[in-house]
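Below is one structure, written out as structure tokens; comments come after it.
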Amino acid sequence: MTSEDPVRPVPGAAPGQSLHAAPSRHTAEYLHTAGTPTGWPTAPDPDRAPDPDRTSAPDPAPVPDALACRGLRYAFGETRAVDGVDLSVRPGEVFGLLGPNGAGKTTAIRCITTLLPVPTGMVRVFGHDAARERMAVRRLLGYVPQQLSADAGLTGRENVALFARVFDIPRRERAARVGQALEAVGLTDAANRLASTYSGGMIRRLELAQALVSAPRLLMLDEPTIGLDPIARTTVWEHINVVRAATGMTVLVTTHYMDEAEQYCDRVALMHRGRIRALGTPAELRSDLRTRRAQAARTTTTTPSAPRTSVSSDVEPTLEDVFRDVAGTGLDEQSGDFRDVRSTRRTATRVG
Ligand SMILES: Nc1ncnc2c1ncn2[C@@H]1O[C@H](COP(=O)(O)OP(=O)(O)O)[C@@H](O)[C@H]1O
Ligand SMILES: [Mg+2]
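Under full-length UniProt numbering, the residue at position 82 of the sequence shown is numbered 82, and the numbers go up by one with no gaps.
As structure tokens, this is what we get:
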């Protein structure tokens, strides 16, 4: 079975729709040039200068950030999809990139995975420059794209084995590694069934296994739970967390489900119209908003002419409130054009 096989319809899919019988364009593109996974590199980050105040024996080489972006920009013609993003993700962290449709999350992810060039700014993955060391960066990454990438005409095991081959996992290790990846996502019992018979949640877990088979140090998940029911969403996250606990893998996830970010992310960045509008732990961001609201309430009571705030400063804000606060008004009306919504729905329909 090859990626040239015709697209097969998935039972239950809407007419004209199918789960990819071939890997999606983005995944195919990524896989085509992905290299051999190596061990865990320890390249020092050249951006970090030694501390001049320290005179004692030098510390061991500093551990570079899992991901560092500085001034990252990417435009599609006139559309500034990513408009100056600065981001540092620490090793072992679960970092959430949140934002509505069209915020620029997928474009940022595609720059980090080297699927798009980095025309302006800098991206480093564990110290490796995404512009100059593309293969080194790709070897460190696992990527679950927003668009579905599993092959409906293959069994779960065959799907993962395909990735194992592409990532050049030695032949004698392949079967065991594929088995481990399937086990890690709870698909051992279903491994020999065609992916076309899987539920949406199982498909997403299969794609997770595909990304995990190369033992990535940084796992990039683009809307991994979109369109899934709450139980399937929880199951996907449980499997991610088990692997993370066992391997210390760093996770960068995009989502527009604020509740998920609150529950599973150590830190989050709120992105809107290509820019990061706020960054911190969910608790920090909520606490900042509470403080701002309290200050606004004090201003209102001491300055009769000040505009009245519609929200009580006593109410515990949610992450969604934080987002509305930092993104300003018009979030609902202006977030994402038709193309964004259509693309999101397409993925949601396929997995739903
Ligand atoms: N291939 C493309 N061609 C033209 N515009 C695009 C393309 N991909 C994304 N965009 C535009 O870039 C902006 C950011 O999109 P995207 O990165 O997909 O956002 P998100 O993942 O947050 O929904 C949107 O305005 C979108 O319409
Ligand atoms: Mg997206």
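Every residue, glycine too, gets a C-beta built ideally from N, C-alpha and C.
- request: Buried or exposed for Ile231, please, with buried defined as at least 16 other CB atoms from any protein chain shown within 10 angstroms of its CB.
  value: exposed
task: Please indicate yes or no: does the CB of Gln146 lie closer than 8 Å to some heavy atom of ligand 1?
output: yes
- prompt: Thinking C-beta only, is Leu141 closer than 9 Å to Arg217?
  reply: yes
field: Exposed unless 16 or more other CB atoms sit within 10 angstroms - verdict on Asn192
entry: exposed
- prompt: In the structure shown, what three-state DSSP assignment does Cys111 receive?
  reply: helix
- prompt: So is Arg222 buried or exposed if we call it buried at 16+ other beta carbons inside 10 Å?
  reply: Per the sequence presented here, residue 222 reads as Asp, with Arg not at that position. Asp222 comes out buried.
message: Could you check if Asp266 belongs to the surroundings of ligand 2, using beta carbon to heavy atom distance under 8 Å?
response: no
- request: Note down, one range per segment and in chain order, each alpha helix (DSSP H) of at least 4 residues found wholly within the segment 167-211.
  value: 171-184
- prompt: CA-CA distance, Val322 and Gly104?
  reply: 19 Å
Under the three-state DSSP convention, the category Leu87 falls into: strand
query: Which first and last residues belong to the beta strand (DSSP E) in which Arg233 is found?
result: Segment 230-247 is the alpha helix (DSSP H) holding Arg233; no beta strand (DSSP E) there.
- request: Have a look at Asp65 and Ala136 and give me their C-alpha separation to the nearest angstrom.
  value: 15 Å
Whole-Å CB distance - Pro100 paired with His256, under 8 Å assumed: 6 Å
- prompt: Touching or not, the segment 160-176 and the segment 190-210, by the rule of three or more beta carbon pairs under 8 Å?
  reply: yes
- prompt: At which residue ranges does the segment 97-164 contain complete alpha helix (DSSP H) runs of 4 or more residues, listed in the order of the chain?
  reply: 105-112, 134-140
message: Measuring alpha carbon to alpha carbon, tell me which residue in Tyr198, Ser199, Arg205, Gly201 is nearest Ala181.
response: Arg205
- request: Please confirm whether Gly274 and Asp151 have their CB atoms less than 9 Å apart.
  value: no
- prompt: Under the criterion of a Cβ to heavy atom distance below 8 Å, does Pro117 qualify as lining ligand 1?
  reply: no
task: Could you check what DSSP says for Val251 in three-state terms: helix, strand or coil?
output: strand
field: Near ligand 2: Gly223 beta-carbon under 8 Å from a heavy atom
entry: It is worth fixing the name first, because residue 223 is Glu in this sequence and not Gly. Checking every heavy atom of ligand 2 against the Cβ of Glu223, one is found closer than 8 Å.
- request: Compute the distance between the beta-carbons of Arg124 and Ala61, then report whether it is under 9 Å.
  value: no
message: Tell me whether Phe167, by its Cβ, gets closer than 8 Å to a heavy atom of ligand 1.
response: no
- prompt: In the DSSP assignment, what residue or residues form a beta bridge with Ile276?
  reply: Met271
- request: Going by CA-CA distance only, name the one from Thr197, Ala211, Gln147 that's closest to Arg165.
  value: Ala211
field: Arg324, enclosing alpha helix (DSSP H) - first and last residue
entry: 319-327
message: Any heavy atom of ligand 2 inside 8 Å of the beta-carbon of Thr79?
response: no
Per-residue DSSP class, three states only, for Ser18: For Ser18, the predicted model reports a pLDDT of 30, less than 50, meaning its position is unreliable; a value from the coordinates is still stated below. Coil, per DSSP.
field: Beta-carbon spacing of Val85, Gly121 below 9 Å
entry: yes
query: Which stretch, first to last residue, makes up the beta strand (DSSP E) that contains Tyr74?
result: 67-76
- request: Quick one: measure Cβ to Cβ for Arg267 and Glu93, integer angstroms, because I've assumed they're closer than 8 Å.
  value: 6 Å
Any non-hydrogen atom of ligand 1 closer than 8 Å to Val82 Cβ: yes
- prompt: With 16 other CB atoms within 10 Å as the buried threshold, where does Glu260 fall?
  reply: buried
Status (buried if at least 16 other CB within 10 Å, exposed otherwise) for Gly77: exposed
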